[in-house]
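Heads up, the thing below is written out as structure tokens.
In our numbering, the protein residues as written are 274 to 712.
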């Protein structure tokens, strides 16, 4: 069978490799780091206690059908724990839960929506009107990629409090961008697929294993025909006319019949600056993960949205004593020293969890992913590249390419499958790997 070389061992590269290996191709996956997973990875916690932590909490929803398919291919689909409730905490500790009820979609949240304690009756009517408008306008408006989600919400007379308490917690975490910076098209996709299209699509999956095990090189290399080349940074691309002949690496060239770049846009631009006519539309949006270890349990919740807090979400990683806070679009934290980030996070957490005020913080670890995702701003959709390039045997994958999704692991898996399909078409054996969205 023909050989395919893939540059980049993040979720997109893993997805392309797994799909093509299943189709019988010989694969060489080239990754500069000593592990796979890219921005979804694990490492030993600082302090030398042997604990493995994820760089940042990554979750998926049941509407992430291609990521779930990839985990099936890797044999780890059973290692996802799905949660059927979203928990919300207000300052002072008052709780609300959002869950599906007995009614069919899209009315399945009617009961818990009516019972939410953090919105008034008037605010619930306000949000409901916008949800109905979203259902009516989806697929009918042509301007959703040219306006921000906040512009659309304000058009629908959503108050700042409803935006910050109802819309933003979901949208900012899903798209990793502020509502006044994200294209409305992404907000529509997230709310429709996750909350309106199917009754169980919203269920939140949290991996039981560290991400490094979910995306391990050993799992991928167990597929017939796959060779994983770690610590092999791609330093150049050998071209001959309109074809790629090899990926140049620090340890020599990697030759193949077809090539996939699953690299982020920044390193790819350094390798092939003329690949796209204009790279200027691509910007980064950061994420911060704040790991906190307390001397006692501070919560019994598995996770919660922290309403009116800049620290957004927490996840209970172990027995209520080890929490991870996730701050999406975390630009305001970039200039803060890590010790100050942790101190502010603990202080803020005490507004929601009384036990956090009484507990002693034993240690902390702060991760700032400055280049975590691309910024899904208006006007970008038409400029995201398709898998095919001006080189006939070079194809693109990566969450920043044309996936129809924002920068998520589902978007990355979709891009890997699309690039694998393009390789199959080029090599004369069309195959379908990409699964359609649930609606």
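Ideal Cβ positions, reconstructed from N, Cα and C, are used throughout, including at glycine.
Keep in mind it's a predicted model, so treat the numbers as computed, not measured.
Please identify the residue among 593, 514, 424, 419 whose C-alpha is closest to the C-alpha of residue 656. 419
Are the Cβ atoms of residue 336 and residue 457 separated by less than 9 Å? no
Where does residue 440 fall in DSSP's three states? helix
For residue 330, three-class secondary structure by DSSP: coil
DSSP beta-bridge partners for residue 595? 566, 591
Is the beta carbon of residue 315 less than 9 Å from the beta carbon of residue 483? yes
Looking at the strands, I want to know which residues DSSP matches up with residue 477. 334, 356
Leaving aside the five residues before and after residue 705 along the sequence, list all residues of the same chain whose C-beta is less than 7 Å from its C-beta, in chain order. 694
Would residue 560 be called buried (16 or more neighbouring beta carbons within 10 Å of its own) or exposed? buried
In the DSSP output, what is residue 511 paired with across the bridge? 519
Taking only runs of the alpha helix (DSSP H) that begin and end inside the stretch 379-428, which ones reach a length of at least 4 residues, in chain order? 383-388, 394-410, 422-428
If I follow the unbroken beta strand (DSSP E) through residue 308, where does it start and stop? Run containing residue 308: none; DSSP gives neither H nor E here.
Excluding sequence positions up to five away, which residues of its chain have a Cβ less than 6 Å from the Cβ of residue 358? 370, 372
Residue 347 to residue 686 span [Cα, whole Å]: 12 Å
Closest by CA to residue 285, which one among 578, 668, 640, 639? 668
Contact under 9 Å by Cβ, residue 509 with residue 544: yes
Note the first and the last residue of the continuous beta strand (DSSP E) segment covering residue 459. Per DSSP, residue 459 belongs to no beta strand (DSSP E); it is in the alpha helix (DSSP H), 457-464.
Report the residue from 665, 608, 631 whose alpha carbon sits nearest the alpha carbon of residue 513. 665
Cβ distance (whole Å) where residue 463 is taken to contact residue 443 below 8 Å: 7 Å
CA nearest to the CA of residue 558, picked from 581, 642, 301: 642
To the nearest angstrom, how far is it from the Cα of residue 658 to the Cα of residue 674? 5 Å
Assign residue 454 to one of two classes, buried (16 or more other C-beta atoms within 10 Å of its C-beta) or exposed (fewer than that). buried
Find out if the Cβ-Cβ distance for the pair residue 627, residue 472 is shorter than 9 Å. no
Supposed close pair residue 691, residue 708 - CB separation, criterion 8 Å: Contact doesn't hold; Cβ gap of about 11 Å is too wide.
Do you know how far the Cα of residue 644 is from the Cα of residue 361? 28 Å
Neighbourhood of residue 700 by C-beta distance below 7 Å, restricted to the same chain and skipping five residues each side: 275, 530, 531
Nearest to residue 696 by CA position, among 480, 533, 580, is which residue? 533
Got a sec? Which residues, its chain only, sit under 7 Å from residue 535 by beta carbon, not counting five neighbours each side? 279, 280, 281, 283, 285, 286, 289, 670, 671, 689
Are the Cβ atoms of residue 556 and residue 648 separated by less than 9 Å? yes
Within 9 Å, strictly: CB atoms of residue 319 and residue 638: yes
Can you tell me which of the three DSSP states residue 377 falls into? coil
Determine the closest residue to residue 651 out of 585, 441, 711, 415, with distance taken between C-alpha atoms. 415
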